[in-house]
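Each position in the first sequence, counted from 1, maps to that position plus 103 in our numbering. Cβ coordinates follow ideal geometry from the N, Cα and C atoms, glycine included. A quick note: this is a predicted structure, and the numbers were derived from the prediction, not measured. Below is one structure, written out as structure tokens; the observations come after it.
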Amino acid sequence: MKKMTDFIESLLKDAFIEAGLDESYGRVSLSNRPDLCEYQCNGCLSAAKVLHKNPIELADQVVSTLKNSSDFESIEAVAPGFINIRLSGKALSFFVKQMASEEKYGVETEEKKTIIVDYGGANVAKPLHIGHLRSAIIGECIKRLGAYMGHTMIGDVHLGDWGLQMGLIIEMMPDGPVSIDELETIYPAASARAKEDADFAEKAHQKTLLLQSGDPECTEKWNRIMEVSLADLKKNYNRLDVHFDLWNGESTVNALIAPLIQNLIDKGLAYESDGALVVDVAEAADKKEIPPCIVRKSDGAALYATSDLATLEQREELYKPDIYIYITDKRQAMHFVQVFRVARKSDIVPEDHRLVHIGFGTMNGKDGKPYKTRSGGVMRLEELISDTEDAVFRKITENRDISEEEARKTSETVGLAAIKYGDLSNQASKDYVFDLDRFTAFEGNTGPYILYTIVRIKSIIKRYRSESTDMFTADDILPYNSLSEKKLELELVRYNEVMENAWHELAPHKICQYIYGVAEAFNSFYHEVKILTEEDVSLKKSYLAKIELTMNVLLDCIHILGFDAPEKM
RNA sequence: GUAACCGUAGCGAAGCUGGAUAUCGCAUCAGACUCCGACUCUGAAGGCCGCGGGUUCGAAUCCCGCCGGUUACACCA
């Protein structure tokens, strides 16, 4: 379905051509002065500059051919040369009707691409902490958004499941069954001991090498660690409503490392420097020095960059993705510049496969420093979620008569929305402050406010259905007859453009911004118009069809953001 | 030191391919609704868009310099 700005633009462009001007000046945008108009065109200002003419005269000329269009309620040239546009109820309701009858409410799917999203980054045998939260939330959203746009999205958690950390655990691990809680205490203990006890450290190092060379005893222990740890990680990610297609990790590509390094040497890219094997990645255009990428440490071990390169090689082999999207802390930006450059130079990834890194900022506490527990330790993800759910629970049980069980269930849904919306409504690259009170507030630009709006609409529709068997559909949609209704329609109609834009910019916060606008517009409308008591049946059905569309758009958006709405709250 | 990112009302954010009176929320003040699910709505107040310069008819937006914050700068991930 056509985007509203494109539709208006096509009319404007014809008028520009008729006025003897280039059609490129007919660009239309959402008005930044809603008090004056709904859409605007600034093209006459630029045209006048080039042609040395008076902009307002050009604007007058363009407008004159459109004055009588039934698509506009008004179109006028305004000093110094703006064209201000208001849509007619007919044109607007036509769009809304079309939206309501389409599967994705006007969003068109794109040419299908295969896209790998590398997010999560959990470590085996270590609890998820808030550092993992943003990657999970943003990654899941990007994945869902891409799928909505028609792409094949493959999410890979890319576990930290290899290397010295595993050797440490294996060395200290008892025989027989082990629980996740035990595992989680073993790692910090082993890590601490290795720092003091050189003998222990050496043993752990040996275990690491044994594991990597396929020693049966170490492999057996490793398998047990993986089994216990994966089950726990899956449980926690499920709680976040975050789901991966692939549970690969560093171990997955172990066998590829040696040939990869050999290949880099054979190609003349990798050379020895201070005992390590490195690949130069500096480019003439660099403003700052990009150090060479180390692919093998001086002790012979592979590292982060190596396993990322091997992973790329494997993904090319298996999926040939058109786009790779990595979602990590922005402090890793340099690492990805290096890895991407080596991948290009060595032809592991061909030119036409895009490599993208989204670096996100830190989630801070109110003191502006990385979020900590009250005692100053690293905040576990579980704890953060529980705290949020408790806060929501207190709110919904405060003035309401609701069963404990139902309130618990609702606070899970609402709590998750609070966390995710609080995160995603910020630009990913920026740091933000996690403010429990603010995020869980039911008013303002928050997840709960959005959910509340959805629940309200659900409730109205449910009530109508319980009172009437008369169905309503998109065909019942009539032109607006109040200003708040028009404002709601104007918001709704932006949907396809907003989603396309959010996708191309990989910017979930634009979806949040949009749904907040829709929710606000709906609430104003709701406040002004009595829907269920409307006596004119056709008008009532038109209202219902519009609020149902509003609800559906909001629901699609929150599902993309990664959370759900309860039936009641 | 070098580089990147950030600096927008008391607080939190949006706007950054240049356009009109800089947008939204929280908090504050004043009203409305108290009805379809309470937490909804309307309005007011609040700003040298970090500072200085430049380009332009026009700059929060582009360019240069400075100040402040965060981060990165080879064997961790």
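Please state whether DSSP places V601 in a helix, a strand or coil. helix
Contact the segment 605-622 vs the segment 636-647: 3+ CB pairs below 8 Å: no
In whole angstroms, give me the CA-to-CA distance for L554 and P669. 8 Å
Applying the criterion that 16 or more other CB atoms from any shown protein chain within 10 Å of the CB defines a buried residue, is E243 buried or exposed? buried
Can you list, in chain order, the residues of its chain whose CB lies under 8 Å from that of D125, leaving out five sequence neighbours each side? F119 and A150
Look up Q143 in the DSSP assignment and give the residues it is bridged to. S132 and N187
Span of the alpha helix (DSSP H) around G192: G192 to A203
Considering only residues of the same chain and omitting the five flanking positions on each side of V495, which have a CB-CB separation below 6 Å? S514, V517, G518 and T543
Are at least three pairs of beta-carbons, each pair with one atom in the segment 221-230 and one in the segment 313-323, less than 8 Å apart? no
Out of curiosity, what's the CA-to-CA distance linking Q143 and P611? 26 Å
For A373, three-class secondary structure by DSSP: strand
Those residues which DSSP pairs with S175 across a bridge: Reading off the sequence, residue 175 comes out as Phe, not Ser. Answer is L190.
Option in V227, T576, A622 and K207 with minimal Cα separation from G263: V227
Thinking C-alpha only, which one of I245, V398, G403 and G468 is nearest V345? I245
If L367 and V382 are in contact, beta carbons under 8 Å, what's the gap, nearest whole angstrom? 6 Å
With a CB to CB cut of under 6 Å and the five nearest residues on each side skipped, what residues in its chain are close to T476? M482
Compare the beta carbon distance of C147 and I188 with 8 Å and say whether it is the shorter of the two. no
Taking the alpha helix (DSSP H) that F542 belongs to, which residues open and close that run? L539 to F542
Identify which residue in G479, V656 and K105 has its Cα closest to the Cα of I557. V656
Measure the CB-CB distance between E214 and N599 and report whether it falls below 8 Å. no
What does the alpha-carbon distance come out to for the pair V165 and F175? 14 Å
Just grab the DSSP bridge partners of N467 for me. P473 and V536
Are the segment 529-536 and the segment 456-469 touching by the rule of at least three beta carbon pairs closer than 8 Å? yes
How about Q201 and M107: are their beta carbons less than 8 Å apart? no
Three-state class that DSSP yields for A379 in the structure shown: strand
Quick check: the segment 410-417 against the segment 433-450, are at least 3 beta-carbon pairs closer than 8 Å? yes
Tell me which residue opens and which closes the alpha helix (DSSP H) that T108 is part of. M107 to E121
Residues near I241 in its chain [Cβ-Cβ closer than 8 Å; skip 5 each side]: Y222, I430, I461, F463, D526, L527, A531 and P611
Secondary structure at I218, three-state DSSP: helix, strand or coil? strand
Host beta strand (DSSP E) of T431 (start-end): I426 to D432
So A307 and L271 are supposed to be a Cβ contact under 8 Å. How far apart are they, rounded? 5 Å
Go through the segment 482-520 residue by residue and report every complete run of the alpha helix (DSSP H) that reaches 4 residues or more, in order. 484-501
Does DSSP put D284 in a helix, in a strand, or in coil? helix
Mark H232 as exposed unless 16 or more other C-beta atoms lie within 10 angstroms of its C-beta, in which case mark it buried. buried
Cα-Cα separation between L195 and T500, rounded to whole angstroms: 42 Å
Report yes or no: do the segment 366-380 and the segment 419-426 share at least 3 C-beta pairs separated by less than 8 Å? no
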